[in-house]
Amino acid sequence: DVSDAGPGKPRAEVRSASGIIPSRFDQTGSHRYHLYFNPKEGGEHEIFIYFADIPLPSSPLLAYAEELGPTPDHTRVVIRGHGLTGAKVGEDAEFIIDGSEAGPGSPEVTLGGVKADNPVQIMSIGNNVHKVLYTPTVP
Numbered sequence: 001d002v003s004d005a006g007p008g009k010p011r012a013e014v015r016s017a018s019g020i021i022p023s024r025f026d027q028t029g030s031h032r033y034h035l036y037f038n039p040k041e042g043g044e045h046e047i048f049i050y051f052a053d054i055p056l057p058s059s060p061l062l063a064y065a066e067e068l069g070p071t072p073d074h075t076r077v078v079i080r081g082h083g084l085t086g087a088k089v090g091e092d093a094e095f096i097i098d099g100s101e102a103g104p105g106s107p108e109v110t111l112g113g114v115k116a117d118n119p120v121q122i123m124s125i126g127n128n129v130h131k132v133l134y135t136p137t138v139p
């Protein structure tokens, strides 16, 4: 909020260990601004803020950016097992969801039938591989 700051505009300089990061202020109200920047690396970042080219007394601010982990890829998930193509009423059926090559994530499974939905149980086998168990109750 710069309502009491007098004439001028905000400006920022964001510094990481490897240099200056582009940033911009967008006006969000008559006297309010929002600072945007996109860290390219993890670690500490100093944010120097100026108004009318005068540094703010609290400047620089210290921010910490965390590295992003691997991005999940759903196209690398493999599903296999007899429980995908058929099951008998009253007998347990199962199939495997193998996400070991897909990156981080957890499967969610719902099994809907024409007459009734079937509850499922998902068990982790390890290494992002899961066994899904269900028992059909209606033909």
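Residues 1 to 139, numbered by full-length UniProt numbering, are exactly what the sequence shown covers, in order. C-beta: ideal position from N, C-alpha, C; glycine also.
Q.
Is the separation between the beta-carbon of A116 and that of V77 shorter than 9 Å?
A. Looking up residue 116 in the sequence shown gives position 116. Looking up residue 77 in the sequence shown gives position 77. No; because the gap between Cβ atoms is not below 9 Å, this pair is not in contact.
Q: Alpha carbon to alpha carbon, how far is H74 from S18? Give it in angstroms, no decimals.
A: Walking along the sequence shown from the start, residue 18 turns up at place 18. Walking along the sequence shown from the start, residue 74 turns up at place 74. Approximately 33 Å, taken between the alpha carbons.
Q | Alpha carbon of T71 to alpha carbon of K40, nearest angstrom | A | Working through the sequence shown from its first residue, we reach residue 71 at position 71. Working through the sequence shown from its first residue, we reach residue 40 at position 40. If I take the Cα positions, the gap works out to 16 Å.
Q. Where does R32 sit, in a helix, a strand or coil, going by DSSP?
A. Position 32 of the sequence shown, counted from the first residue, corresponds to residue 32. R32 falls in the coil class under three-state DSSP.
Q. Expressed to the nearest angstrom, what Euclidean distance is found between the alpha-carbon atoms of G69 and G99?
A. For this step, residue 69 is matched to residue 69 along the sequence shown. For this step, residue 99 is matched to residue 99 along the sequence shown. Using only the alpha carbons, I get a separation of about 16 Å.
**Q.** beta strand (DSSP E) segments (min. 3 residues) lying fully within the UniProt repeat "Filamin" (1-65)
**A.** 10-16, 19-21, 23-27, 33-37, 43-51, 61-65
(Q) Can you list, in chain order, the residues of its chain with a C-beta nearer than 6 Å to that of F25? Leave out the 5 residues immediately preceding and following it. (A) By one-based count along the sequence shown, residue 25 stands at place 25. P10, Y33, L35.
Q: Compare the C-alpha of Y50 against each of A63, E13, T135, M123 and name the closest.
A: Residue numbering aside, residue 50 sits at position 50 when the sequence shown is read from its first letter. Selected option, being the one with the closest Cα: E13.
**Q.** Close beta carbons around G83, own chain, < 6 Å, minus the five adjacent residues each side
**A.** As a first step, residue 83 is located in the sequence shown; it is residue number 83 there, counting from the start. A93, E94, F95.
Q. Quick one: is H45 buried, meaning 16 or more other Cβ sit within 10 Å of its Cβ, or exposed?
A. For the purposes of this step, residue 45 is taken as the residue at position 45 of the sequence shown. Under this definition H45 is a buried residue.
Q: Output the distance between the C-alpha atoms of L133 and V120, rounded to the nearest integer angstrom.
A: By 1-based counting over the sequence shown, the position of residue 133 is 133. By 1-based counting over the sequence shown, the position of residue 120 is 120. About 6 Å.
Q. G103 by DSSP, collapsed to three states: which one?
A. In the sequence shown, residue 103 corresponds to position 103, counting from 1. Coil at G103, not helix or strand.
Q. Going along the chain, which residues of its own chain have a beta-carbon closer than 7 Å to the beta-carbon of A5, five neighbours each way excluded?
A. Numbered from its first residue, the sequence shown carries residue 5 at position 5. These residues qualify, in order along the chain: F51.
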